[in-house]
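Worksheet: the structure to be examined is printed underneath.
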Amino acid sequence: MKHTEGMNLGEKISYYWYYYKWHAFAVVCAIIAVVITVVSCLNQVDPDLSVMVVSDVFVDSEYQQKFENEYSKYIEDVNGDGKKVIDFTVVQFSNYTTGTMNPELEAASEEHLKVNLMTAQNQLIIFKDNVKDYLESFGTFTSLKQYDNDLGYFKVDEDDMALLDLSTNEYNVCIRVTPTKAKDEELKMYNNAHKVLRQMIN
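If you read the sequence shown in the working numbering, its first letter stands for residue 32, the second for the next number, and so on.
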């Protein structure tokens, strides 16, 4: 180039770095973003069933893995990827009825649950007694009359909750209302939810 005529290699590098370093930085950032996106897409695993656990105690990945190991054998490989994957959303919800928590924390806890109910696509929900009325008011429960159940939820069996290592006398399980415009794959995920529910109540 005309501007670099007569410069040695070191001077040319200094020249380009001075005038074009921000351009180079932008290109590097763009390349990194593309690589991250591609790797993320390649590693993404689409679940065959999504479960939400609403509890006031922490549910870690070990217990989630126990649940998946126990119940994935009953579900269908919805997306045909050769895997049976159960995805978990854990929402910590305080027992605000006891009045033992800071009101601001109670409000934040309820808002967290509300956002998840509005945005997350979970087919099966495991929840404690203290959140039952809230879920019902949100129109969460689907009819379970085919199981001779008029409540819309079942008390969770002791053996099933032992998989999550949680107390056994306060938990329930329900299937979320199926969206009116659910696609075929989503309907298959709801079918998987029914398969797991049958195993849990048998």
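Even glycine gets a Cβ: it sits at the ideal position worked out from N, Cα and C.
With distance defined between alpha-carbon atoms, name the residue in the options nearest to residue i.
i, options, result
"Gln-123", "Asn-233, Leu-144, Pro-210 and Cys-60", "Leu-144"
"Asn-248", "Asp-79, Tyr-184 and Ala-224", "For residue 248 there is no data in the structure shown, the boundaries of the chain being 32 and 233."
"Tyr-178", "Glu-201, Ala-139, Asp-160 and His-225", "His-225"
"Lys-186", "Asp-164, Met-149 and Met-231", "Met-231"
"Asp-112", "Glu-141, Asp-87 and Asp-77", "Asp-77"
"Lys-176", "Glu-216, Arg-229 and Val-109", "Arg-229"
"Ser-174", "Arg-207, Val-109 and Phe-89", "Arg-207"
"Glu-201", "Val-162, Gln-96 and Val-109", "Val-162"
With DSSP as the reference, label residue i as helix, strand or coil.
i, result
"Val-58", "helix"
"Lys-186", "strand"
"Ile-156", "strand"
"Tyr-178", "helix"
"Asn-110", "coil"
"Asn-203", "strand"
"Gly-130", "Only weak support exists for where Gly-130 lies, its pLDDT of 46 falling under 50; the coordinates are left without a value."
If you follow the alpha helix (DSSP H) that residue i is in, where does it begin and where does it stop?
i, result
"Asn-223", "215 to 232"
"Lys-97", "92 to 102"
Grab the span of the beta strand (DSSP E) containing residue i for me, first residue to last.
i, result
"Ser-81", "80 to 86"
"Asp-118", "117 to 123"
"Tyr-165", "First-last for Tyr-165: 163 to 168, but that is the alpha helix (DSSP H), not the beta strand (DSSP E)."
May I have the straight-line CA-CA distance separating residue i from residue j, to the nearest angstrom?
i, j, result
"Gly-130", "Tyr-102", "Its pLDDT being 46, under 50, Gly-130 is placed unreliably in this model, and the value from its coordinates should be taken loosely. Distance between the alpha carbons of Gly-130 and Tyr-102 is about 36 Å."
"Ile-157", "Val-59", "45 Å"
"Leu-218", "Val-65", "33 Å"
"Glu-107", "Phe-172", "23 Å"
"Asp-79", "Leu-155", "12 Å"
"Ala-61", "His-54", "11 Å"
"Pro-210", "Trp-48", "56 Å"
"Lys-115", "Asn-100", "10 Å"
"Asp-164", "Asp-87", "15 Å"
"Cys-205", "Asp-181", "12 Å"
"Ser-92", "Met-149", "24 Å"
"Ala-248", "Lys-104", "Absent from the model: residue 248. The displayed extent of the chain is 32 to 233, so no value can be given."
"Asn-39", "Thr-120", "60 Å"
"Ala-57", "Ile-67", "15 Å"
"Glu-42", "Ile-63", "28 Å"
"Glu-142", "Asn-110", "32 Å"
"Glu-216", "Ile-117", "15 Å"
"Lys-214", "Lys-52", "49 Å"
"Phe-89", "Phe-98", "15 Å"
"Leu-169", "Val-69", "The identity of residue 169 in the sequence shown is Phe, whereas the question assumes Leu. Straight-line Cα distance between these residues: approximately 38 Å."
What is the C-beta distance between residue i and residue j, in whole angstroms, given that I count them as a contact (C-beta under 8 Å)?
i, j, result
"Asn-147", "Met-83", "7 Å"
"Gln-152", "Ser-45", "Contact flag wrong, Cβ pair sits at about 54 Å."
"Val-85", "Lys-159", "7 Å"
Any C-beta of chain B sitting closer than 8 Å to the C-beta of residue i?
i, result
"Tyr-202", "This model lacks chain B altogether, as it is built from one protein chain only."
Does the ligand PLP have even one heavy atom less than 7 Å from the beta-carbon of residue i?
i, result
"Met-231", "No copy of the ligand PLP occurs in the structure displayed, which carries no ligand at all."
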